[in-house]
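Numbering (the working numbering), first residue to last: 891 to 1044. Even for Gly, the Cβ is constructed at its ideal location relative to N, Cα and C. None of these values were measured; they are calculated from a predicted model.
In structure tokens form, the structure reads like this:
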């Protein structure tokens, strides 16, 4: 178990590093918009374009929380169901916002330029994976409930 906990700590550190790298990239992007010739318009466009990042950061935060939880508990069933649900939901929401939310917001802030929907195969894939994770979370939770009920008979 010590080897597993060591790996969990290493993976948690890696996820945390990616989280802060993404956050730093977003902040640099926003700061560059502030330095643009017309900072207000550039900043509004950048914020509208980068809003899906909040959901992806939420997914990474949930993964980090999962690693912390796995490192502390031996009952993984409840932790896995909770993490699958949170990460899947965050990925799905981020993908939906990437595909529909950002294009619509950009269209609003740029006086009608751009489309209503983005064609982004990566976001479409994340949407499907996120929905699958939410579905699996429910399955894992039901399996845990059945196992607990069966353990009550023994």
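Distance between residue 1042 and residue 1008 (C-alpha atoms, nearest Å): Here the question's residue 1008 lines up with position 118 in the chain shown. Here the question's residue 1042 lines up with position 152 in the chain shown. So the two alpha carbons sit approximately 51 Å from each other.
Limits of the alpha helix (DSSP H) - the one that residue 1028 falls within: Here residue 1028 refers to the residue found at position 138 when the chain shown is read from its first residue. Unbroken alpha helix (DSSP H) run through residue 1028: 1011-1043.
Exposed unless 16 or more other CB atoms sit within 10 angstroms - verdict on residue 993: Walking along the chain shown from the start, residue 993 turns up at place 103. With 16 or more other Cβ atoms within 10 Å, it is buried.
CB contact flag (residue 953, residue 977, <8 Å): In the chain shown, residue 953 corresponds to position 63, counting from 1. In the chain shown, residue 977 corresponds to position 87, counting from 1. Contact flag set, yes.
CB of residue 936 within 8 Å of CB of residue 911, strictly: What you label residue 936 is simply residue 46 of the chain shown in a count that begins at 1. What you label residue 911 is simply residue 21 of the chain shown in a count that begins at 1. Cβ atoms of residue 936 and residue 911: not closer than 8 Å.
Residue 1006 in three-state terms, based on DSSP: The sequence position of residue 1006 within the chain shown is 116, counting from 1. Coil at residue 1006, not helix or strand.
Exposed unless 16 or more other CB atoms sit within 10 angstroms - verdict on residue 1036: Residue 1036 sits at position 146 when you count from the first residue of the chain shown. Exposed: under 16 other Cβ atoms inside 10 Å.
Nearest-angstrom beta carbon gap, residue 985 and residue 1020 [assumed within contact, 8 Å]: Taking the first residue of the chain shown as position 1, residue 1020 is located at position 130. Taking the first residue of the chain shown as position 1, residue 985 is located at position 95. The Cβ separation is near 6 Å, so the contact holds.
Distance CB(residue 989)-CB(residue 1013) smaller than 8 Å: Locating residue 989 in the chain shown gives position 99, counting from the first residue. Locating residue 1013 in the chain shown gives position 123, counting from the first residue. In contact: residue 989 and residue 1013 (Cβ atoms closer than 8 Å).
Between the CA atoms of residue 913 and residue 930 - distance to the nearest angstrom: Here residue 930 refers to the residue found at position 40 when the chain shown is read from its first residue. Here residue 913 refers to the residue found at position 23 when the chain shown is read from its first residue. Cα to Cα, residue 930 sits roughly 21 Å from residue 913.
Selected residue, minimal CA-CA separation from residue 906, among 1003, 951 and 1032: The residue labelled residue 906 in the question sits at position 16 within the chain shown. Checked all of 1003, 951 and 1032; the closest Cα to residue 906 is 951.
Simplified DSSP assignment, three categories, for residue 974: Numbered from its first residue, the chain shown carries residue 974 at position 84. Three-state result, residue 974: helix.
Limits of the unbroken alpha helix (DSSP H) element including residue 922: Residue mapping note: residue 922 aligns to position 32 of the chain shown, counting from 1. That run of the alpha helix (DSSP H) goes 892-924.
For residue 1000, the three-state DSSP class (helix, strand or coil): Mapped onto the chain shown, residue 1000 falls at position 110. Residue state, collapsed to three classes: coil.
Residues of its chain near residue 943, where Cβ-Cβ distance is below 8 Å and the 5 sequence neighbours each way are ignored: As a working mapping, residue 943 is identified with position 53 in the chain shown. If we look at residue 943 and ignore the five residues flanking it on each side, its Cβ neighbours are 912, 916 and 984.
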